[in-house]
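Notes to accompany the following structure.
Protein chains in written order, with my numbering: chain A, 11 to 408; chain B, 11 to 408.
This is the structure we're talking about:
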């Protein structure tokens, strides 16, 4: 019999996916260039040419038995070492290869980290607004995801609500900076205060509280914004990374998990992740992709388009009177809708072929997300449509 | 706190892995060419050149945003369609793309299939000798793996023991043909009898019993051996495949699960597998690898070396008086040890730098496995050493 737990999951369709499918279908009717699709966080810039070169070089000049052979289940040793070296060089850390576990993107890293440091029934806290896939990542481990309400003034942490929810039952805290969907980067002050509070509570409760830091947008940070490395602030940090956004390789499912060398059980967490992987039959990310990213470990695609797009959109939103916090990174912006019901707002926008995602699933009703990983030319055209939409529907004039 | 379930898994080290690590270490001492390493099932032949060409062609001539973009979580639609077409063409089946779910090799396929068709507490039956990783694949779903004892005369199914164990609690039966570790291919007679029995028990118990058919060695079948396609015999079949062995790409983690179109819930099993994937953060196999294998879907590497090696080893084993069933496929052979304790036998062989794997973990004590995916030249040299070993240790003369 089909497992009823999973069968039930089929009911809850993702709003993002529905909107994205709508946009694709609508594009077939009126031409995709006329659909202003802000639904999906799919990088719009090509991967770094050096990545393509690295792949071709491996395919043309290496022994195929070696490059396509089984990877050790924790990742290829030289690749793990090159990740550790890169983090140490860039952030003054002291990782060794044994602290690195290669994963299927940040998704795989977060899901493994949570499974590793929780037991069924434990609580995991995250902060609204949050990436909706955190629900299945946490729920399928048997742990319970609880959402700390947003601080909508700044989208930094709402410490009052957080401290209240940070009970003895909490085994892990899951953060995402730079943040999807708000675009906000946690400040040094926020992370310091978070780390201090966690240390205090660890002492009070006499057990570890792990900080799982989901950082796929680490390299997309805008001018003048400081993006501190979370692992520097708190020993029990597990850093989750993906090359999806930095190298524009979302489909290649490559990322890693880095365990702070000072964490409790630091030397066995990666090994335990290997055991978790065994149980799901997913033994390692693809060998050739591991080898290729390790050759371009400190490089990125040309990510400048995201900041260009952000500035255009932010300025227009402000001009139109929206309440919006200026993003410090990512390719998301998170304005307040012009009516309380963000779903209704986004439905109206859809009539203008403007695809916006209401933020109910992100734990922040009344707001909406725009994923501006699209061509700048299209952003410019969309803003005229946005202006027309809010004028006609809400009487707003620039 | 680290999850104690996974922590405990660290105790049970894999014998295969230990022996393989020993072989590598020993190779550094005396030269790897002098270690006769039959431990690991890692393909020894290069991938098909057409696969390399397909990869380079994609990298050089396709839009990088398209080829490295997110795959839908069930797999790229055109790739799923090409898998269905290939199976239909080769085996007279009627799969559609919706019946195909792209996976991380056969391991991912088996783990997803079991999770999909069982609930915690259900029993899953498999047949000795069996691939030891079936334990974590099944145990981590909460189902219970039970092992039907081997029929050591032929390594076909021991139907007497099977029927006795096939109680109302059994939700799935997991088979592997061609078989690791025995090298045996299930005959038409075996599969027919298996299917008849399952149908009878489904009727008796009034619930589905799924047949999960693990087939990574499907393309490695030797002259004169007929390897029937299991899905033709039984409606509730989920076929699990990997390109690891056929294309020599074990590290690239690419395979699929194919749901018989006549199975119960056939149209939603792949979708449910997508939900399972979400929960483990592993959304899809790498895009570029999916695209490349679909371009060479009916091709294989040159796999002829495995049959050459098998014949050399089989003839020598017979000459030396071993009890052994002639393999019909794979790159494994599974003789009976020359003393009851196969571990002791293999420890003695190790003194001759002959790395054999005792079969206790495969559920068949007293036997050992040789993975002959190594160069033929090395096989030839190893047989002289094998002869010397059994003469000196067991007084056997050819």
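For glycine and all other residues, C-beta sits at the position ideal for the given N, C-alpha and C.
Item	Value
Any chain A beta carbon closer than 8 angstroms to residue 38 of chain B	no
Any 3 or more C-beta pairs closer than 8 angstroms across the region 197-212 of chain B and the region 140-147 of chain B	no
Minimum Cβ-Cβ distance from residue 154 of chain B to chain A less than 8 angstroms	no
Whether residue 467 of chain A touches residue 53 of chain A by CB criterion (8 angstroms)	Not covered by the structure: residue 467 of chain A. The range shown for chain A is 11 to 408.
Chain-order list of residues whose beta-carbon lies under 8 angstroms from that of residue 101 of chain B (same chain, five-residue window excluded)	239, 241, 242
Contacts that residue 418 of chain A makes with chain B (C-beta to C-beta distance below 8 angstroms)	The question about residue 418 of chain A has no answer, for chain A in this structure spans 11 to 408.
Near-chain B residues of the region 351-382 of chain A (beta-carbon distance less than 8 angstroms), N- to C-terminal order	none
First and last residue of the uninterrupted alpha helix (DSSP H) at residue 144 of chain B	144-149
DSSP-derived helix/strand/coil call for residue 19 of chain A	helix
Neighbour flag for residue 109 of chain A against chain B, beta carbons, 8 angstroms	no
Supposed close pair residue 232 of chain B, residue 317 of chain B - CB separation, criterion 8 angstroms	5 angstroms
Exposed unless 16 or more other CB atoms sit within 10 angstroms - verdict on residue 357 of chain A	exposed
Chain-ordered chain B contacts of residue 127 of chain A [CB-CB under 9 angstroms]	11, 12, 13
Among A:389, A:323, A:299, nearest to residue 78 of chain A - alpha-carbon criterion	A:299
Endpoints, alpha helix (DSSP H) assigned at residue 321 of chain B	314-329
Between the CA atoms of residue 124 of chain A and residue 245 of chain A - distance to the nearest angstrom	16 angstroms
Option in A:49, A:237, A:324, A:151 with minimal Cα separation from residue 166 of chain A	A:237
Span separating the alpha-carbon of residue 55 of chain A from that of residue 362 of chain B	57 angstroms
Proximity test, Cβ basis, 8 angstroms: residue 52 of chain A and chain B	yes
Helix, strand or coil at residue 163 of chain A according to DSSP, with G and I counted as helix	coil
Check whether residue 265 of chain A and residue 121 of chain A have beta carbons under 8 angstroms apart	no
Amino acids of chain B, ordered along the chain, whose beta-carbon sits closer than 9 angstroms to that of residue 297 of chain A	259, 260, 261, 262, 263
Enclosing alpha helix (DSSP H) for residue 297 of chain A [first to last residue]	297-305
Under 7 angstroms from the C-beta of residue 103 of chain A: neighbouring residues of chain B	Correct list: empty, because the minimum Cβ distance to chain B is about 21 angstroms.
Selected residue, minimal CA-CA separation from residue 134 of chain B, among B:80, B:164, B:222, B:217	B:222
Pick from B:341, B:323, B:189, B:278 that is closest to residue 21 of chain A, judged by C-alpha positions	B:278
Span separating the alpha-carbon of residue 85 of chain B from that of residue 142 of chain A	21 angstroms
Residues that residue 223 of chain B bridges to, as DSSP identifies them	B:185, B:249
Nearest to residue 341 of chain B (by Cα), restricted to the options B:50, B:128, B:398	B:50
Whole-angstrom distance between residue 290 of chain B and residue 285 of chain A, CA atom to CA atom	13 angstroms
Other residues of its chain near residue 132 of chain A: CB distance less than 6 angstroms, five sequence neighbours each side excluded	153, 181
Selection of the region 64-76 of chain A by Cβ proximity to chain D, strictly under 8 angstroms	This model lacks chain D altogether; the protein chains it does include are A and B.
CB contact flag (residue 304 of chain B, residue 88 of chain B, <8 angstroms)	yes
Minimum C-alpha distance to residue 404 of chain B - residue among B:382, B:388, B:372, B:359	B:359
Beta-carbon proximity of residue 390 of chain B to residue 322 of chain B, cut-off 8 angstroms	yes
CA-to-CA distance, residue 396 of chain B to residue 387 of chain B, given in whole angstroms	14 angstroms
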